[in-house]
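A quick write-up on the structure given underneath.
In the numbering used here, the protein residues as written are 131 to 213.
Next comes the structure, spelled out in structure tokens:
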């Protein structure tokens with residue numbers, strides 16, 4: 131499995147030195163990501179997404195099926211509940 135870098139742009143003026151740093155977060159391997167039940171129970175409507183295994187989501191995103199979508203559509207295809 132390969133991981134693509136997110137699209138980003140850097141604008142430089144003149145001959146300034148450029149420094150880069152990776153900044154971000156991700157769940158631990160095989161973590162289950164889910165919405166708190168209180169959000170659905172607080173009169174805010176039903177949950178929109180099912181609980182999902184983060185590692186399995188990443189595998190899906192880079193699978194042949196997942197690569198056929200833009201990232202948002204692939205996420206919805208994998209996690210969205212039909213309400």
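Backbone N, C-alpha and C fix where the C-beta goes; we use that ideal spot for every residue, glycine too.
Quick check: the Cα distance between residue 176 and residue 210, rounded to an integer number of angstroms? 12 Å
State the DSSP-derived secondary structure class of residue 206, mapped to helix, strand or coil. helix
Per-residue burial, residue 153 [other beta carbons within 10 Å of its own, 16 or more giving buried]: With fewer than 16 other Cβ atoms within 10 Å, it is exposed.
First and last residue of the alpha helix (DSSP H) that includes residue 184? 184-191
To the nearest angstrom, report how far apart residue 189 and residue 151 are at their CA atoms. 25 Å
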